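A short worksheet on the structure shown next.
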Amino acid sequence: MSINISYEDHIAIISLELVEDCFDLDSLGELIQHSSTVSMDVEDIYVVIIHSLNSSFAIGWSPEILDKTSDDQVAIGAAFKAIAEIKQPTIAVMSGSVLSAGLELSLSCDIRIASRNSLFAFPETKMGYVPLAGATQRLPRAIGRSNALRMLLTGEEIDADEALRIGLVSELVDDEQLNLRSREIAEIIASRGPIATRFAKEAILRGSEVGLSEGLQTELDLTVILQSTEDRAEGVAAFMEKRDPVFKNR
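Read in our numbering, the sequence shown has 258 at position 239, and its numbers run on one by one without any break.
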């Protein structure tokens, strides 16, 4: 297998070990399988880390994918759609070259952390095609239309500092601290009310797809549901009693 999953203290860790740092059909299938497993286990998994065991996060697609017909191309996007639809918060941890499919995968995640040596690009237009798995839609939502057009139309690389400036990543750290920092963020999220973090993610993502009034209604609907949970009562009690809350995910 080129993609493995492990679990530590309510954190799921999806580890990429791709052949030549490229996604093929088998690895996409594994990604869908792991996404489904994680999303169905909200009782025990509160946050997800996605990282690579190789020197680069991921740099593209295997030749077998690039040779697929248009009908097959539709299926390719299903893997990253599955990542985007994971119910729990997701963190992409990136270093080295983050190109094409690798960058598309990161855009399907909620938080993107990168090492200072990272480089980012969508080189597809240099080869006469466009990104295959949602980048034309997710990238402008992440960094704005103008910045997205610049990246997609030129195919030029940007460095980590520029990626941070335009909002493509939320934090830069030294390479040797990357895994430690991502784990720290995951542990912080896992210590919060797990229902609340899932609902916050859902409200933001659903709200970004609709108008303001509909987004506000989504927030209200989820807040009403959250009001009846034990975790919400525990959070308020802990605040009043000046102690750390003990959440039970119910």
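The C-beta atom is built at its ideal place from N, Cα and C for all residues, glycine as well.
All values reported here derive from a predicted model rather than from experimental measurement.
Asked	Found
With a Cβ-Cβ cutoff of 8 Å, do LEU122 and ILE102 count as a contact?	no
Do GLY96 and ALA152 have their CB atoms nearer than 8 Å?	yes
Is the distance from the Cβ of ILE64 to the Cβ of ALA205 below 8 Å?	no
Helix, strand or coil: which one does DSSP assign to HIS53?	helix
By how many angstroms is the C-alpha of GLU260 removed from the C-alpha of SER71?	42 Å
Whole angstroms are fine: how far does the CA of ASP60 sit from the CA of TYR26?	12 Å
Should the region 234-248 be regarded as contacting the region 138-150, the criterion being three or more beta carbon pairs within less than 8 Å?	no
Starting from PHE139, follow its DSSP beta bridges and name the residues at the other end.	VAL117 and ILE177
Output the boundary residues of the beta strand (DSSP E) element that contains ALA31.	30-35
Can you check which of these residues, THR248, ARG135, ALA140 and GLU221, is closest to ASP193 by C-alpha distance?	ARG135
The alpha helix (DSSP H) that contains LEU191, what's its start and end?	Looking at the DSSP string, LEU191 is not in any alpha helix (DSSP H); the run it does join, the beta strand (DSSP E), is 190-192.
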